[in-house]
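Enquirer: Residues in the sequence shown are numbered from 507 upward in steps of one, following the working numbering.
Where a beta carbon is used, it is the ideal one built from N, C-alpha and C, also for glycine.
Just passing along the structure, written as structure tokens.
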Amino acid sequence: MANNFRLVYIALLCLGLIVEGVFGIRTSPESSSIYQEKVIIAETEASPADSEGICASLVKPNGYECEEHQVTTEDGYILSLQRMPEGRTGSGGTKGPVLLQHGLIMDGITWLLNSPDQSLAYILADVGYDVWIANSRGTKWSRGHTSLSPDDPAYWDWTWDALVEFDLPATFQYVFYQTGQKMNYVGHSLGTLIALGSFSKLKLLDKLNAAAMLSPIAYMSQITSPITKTAAQNFAAETYYWLGLHEFNPKGVAVAELLKTICKNPDINCYDLMTAFTGENCCLNSSTTERFLDHEPQPTATRNMIHLSQMIRTGTIAMYDYGSDEDNIKHYGQPKPPVYNMSNIPNDLPLFLSYGGKDALSDVNDVDSLRDSLKYHDADKLTVQYINDYAHADFVMAVNAKQVVYDPLISFFKLSSN
């Protein structure tokens, strides 16, 4: 029974297509009880510190200054931001602000899951950056709204297009207003897609120094995850939406039932779901896994899941397809959704792309398509890092990510500031 519970739980974590987390860790009977216990605790208990926010529960106990901020988007969502203005030694953010944006079904804790010596947020603060951590709408610390409740279906009436149109602009503007400086940006997974989409529409550029994309997501038709592809091809997210479930809650009963059905497919090995979804991550450890389960996963909008599924089926980077020429004309003034043209990204924008050979979500072939879209990018403004044994979660959770990814990333920021 415990194994079945855990199996379904990991599956529902992963249906998010680009879910961060503990992927790539081989499952075992011993860890089954850990998963079950952590899920139950997460749903029923919260420590006093945790109820006060990410700063109080995670950052300050590690000896760092941390401030809680809020920013309200034009469409009324109230987003949580954490600011780490200095490192443990008390050195201020002399190198300017850097904004960290997590991916799908995660929140800002993405950047704090390992020890301070191994987690990107702490590392950046310690070398002198003014670190800002974003939390997307609908996640635990960003569930506020000026007029809607998360219990209202209208609260969940959005896709990642809204993160491009509202969330990122509001966050960039707030950080810029607070610091008076242009910022560097780091995105992982969906955090790269919304940034690239913004840059392709020439947004945010006046407040940006340079951008680093970890496990970049743009084109998605070549993903190798059999469960992700099956879910998209069989309209699993659409089915969830048609049932009237507008919030995609990975811990909900409805998602579990949906995943049970998917796992009946004989071509899908549901006993090794983490690897099947993200590729075999090389360098995660059990303590990070437990910390992940203490805090994640996070909800998103079901329509957001539908949008990503559309991208897998069509192979395009386009806005949400409303399903008919008439509805698309109503929303866009044209029968087909507008595309995000990656070749529109300014050629002189400093970009750092880091991707892995084992990543089943940011597949090498899809990244090659992105690189082809950037083929006219100024050679001295585009840094590409390929890591043969890295998969999707390694970029934010690997025990050697500092040496492999973060040190080169910081060198890129330093070079781009000159």
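#1: For SER849, which residues from the same chain have a beta carbon less than 6 angstroms from its beta carbon, with the 5 sequence-adjacent residues on both sides left out?
#2: Kindly provide the ranges of any beta strand (DSSP E) runs that are 3 or more residues long and lie completely inside the stretch 556–603, ordered along the chain.
#3: Quick one, are the C-beta atoms of ASP869 and GLN728 less than 8 angstroms apart?
#4: With burial defined as no fewer than 16 other Cβ atoms inside 10 Å of the residue's Cβ, what is the status of TRP662: buried or exposed?
#5: Locate the alpha helix (DSSP H) running through ILE818, then write down its first and last residues.
#6: Smallest Cα separation from LYS707: which of VAL845, ALA904 and MET811?
#7: Would you kindly work out how many angstroms separate the C-alpha atoms of VAL670 and ASN906, rounded to a whole number?
#8: How is TRP664 classed by DSSP in three states: helix, strand or coil?
#9: Which residues in the same chain as LEU714 place their Cβ atom closer than 7 angstroms to its Cβ, once the five residues preceding and following it in sequence are excluded?
#10: Within its chain, find whatever has a CB closer than 7 angstroms to the CB of PHE919; leave out the 5 residues flanking it on each side and keep chain order.
#11: So what's TYR628 in DSSP terms, helix, strand or just coil?
#12: Where does the unbroken beta strand (DSSP E) through TYR892 begin, and where does it stop?
#13: To the nearest angstrom, report how far apart GLY527 and ARG589 are at their CA atoms.
#14: Check the C-beta distance from ALA701 over to GLN607 and give it rounded, since I have them as a contact under 8 angstroms.
#15: Alpha carbon to alpha carbon, how far is ASP872 from MET726? Give it in angstroms, no decimals.
#16: Mapping DSSP to helix, strand and coil, what is LEU519?
#17: Go ahead and pull the three-state DSSP assignment for GLU786.
Expert: Based on what the coordinates show:
#1: For SER849, where only same-chain residues beyond five positions count, the Cβ hits under 6 angstroms are SER879.
#2: Scanning the stretch 556–603 for uninterrupted beta strand (DSSP E) segments of 3 residues or longer gives 573–578 and 583–590, listed from N- to C-terminal end.
#3: With respect to GLN728, ASP869 sits close: the two C-beta atoms are nearer than 8 angstroms.
#4: Here TRP662 is buried: its Cβ has 16 or more other Cβ atoms, across all protein chains shown, within 10 Å.
#5: In the DSSP assignment, ILE818 falls within the unbroken alpha helix (DSSP H) covering 808–820.
#6: Nearest of VAL845, ALA904 and MET811 to LYS707, Cα basis: VAL845.
#7: Our two residues, VAL670 and ASN906, have alpha carbons roughly 31 angstroms apart in a direct line.
#8: If DSSP states are grouped into helix, strand and coil, TRP664 belongs with coil.
#9: Only LYS688, MET689 and TYR691 meet the Cβ criterion.
#10: Shown here for PHE919: same chain residues with a beta carbon closer than 7 angstroms to its own, the five before and five after excluded, namely ASN690 and ALA716 in chain order.
#11: Correct three-state label for TYR628: helix.
#12: Here the beta strand (DSSP E) through TYR892 covers 888–893.
#13: Note on GLY527: pLDDT 33, under 50, position unreliable in the model; the coordinate value appears next. C-alpha separation (whole angstroms): 22 angstroms.
#14: With a Cβ gap of about 7 angstroms, ALA701 and GLN607 count as contacting.
#15: Cα to Cα, MET726 sits roughly 6 angstroms from ASP872.
#16: Because LEU519 sits at a pLDDT of 44, beneath the cut-off of 50, its placement in the model cannot be relied upon, and the following sentence gives the value as read from the coordinates. In the three-state DSSP reduction, LEU519 falls in the helix class (H, G or I).
#17: In the three-state reduction of the DSSP assignment, GLU786 falls in the coil class, being assigned neither a helical nor a strand state.
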